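S.K.:
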Amino acid sequence: MPIPGDAFQDAGCEDAVILDHCRANREHTGNCWVLRLLTATG
Numbered sequence: 371m372p373i374p375g376d377a378f379q380d381a382g383c384e385d386a387v388i389l390d391h392c393r394a395n396r397e398h399t400g401n402c403w404v405l406r407l408l409t410a411t412g
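So the sequence shown is numbered by the numbering used here: it starts at 371 and just counts up by one.
1. Taking the beta carbon of C383 as the centre, do at least 16 other beta carbons fall within 10 Å, making it buried, or is it exposed?
2. Look at the alpha carbon of G400 and the alpha carbon of A394, and state the distance between them as a whole number of angstroms.
3. Taking Cβ positions, are P374 and C402 nearer each other than 7 angstroms?
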């Protein structure tokens, strides 16, 4: 997910853990904690 990682940074995200996770070269599934965080309702 390198493109969303760049978009998060462009939007002002400075959380290195989130940015590094998004830019990691691995598959992100529905169980990805960043994806769950983004889609959380409540």
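Where is the CB? At the ideal position from N, CA and C, for every residue including glycine. Please read these numbers as outputs of a predicted model, since none were measured by experiment.
M.R.: Put simply:
1. Under this definition C383 is an exposed residue.
2. Spanning the two alpha carbons is a distance of roughly 16 angstroms.
3. No, the pair does not count as a contact, with Cβ atoms beyond the cut-off.
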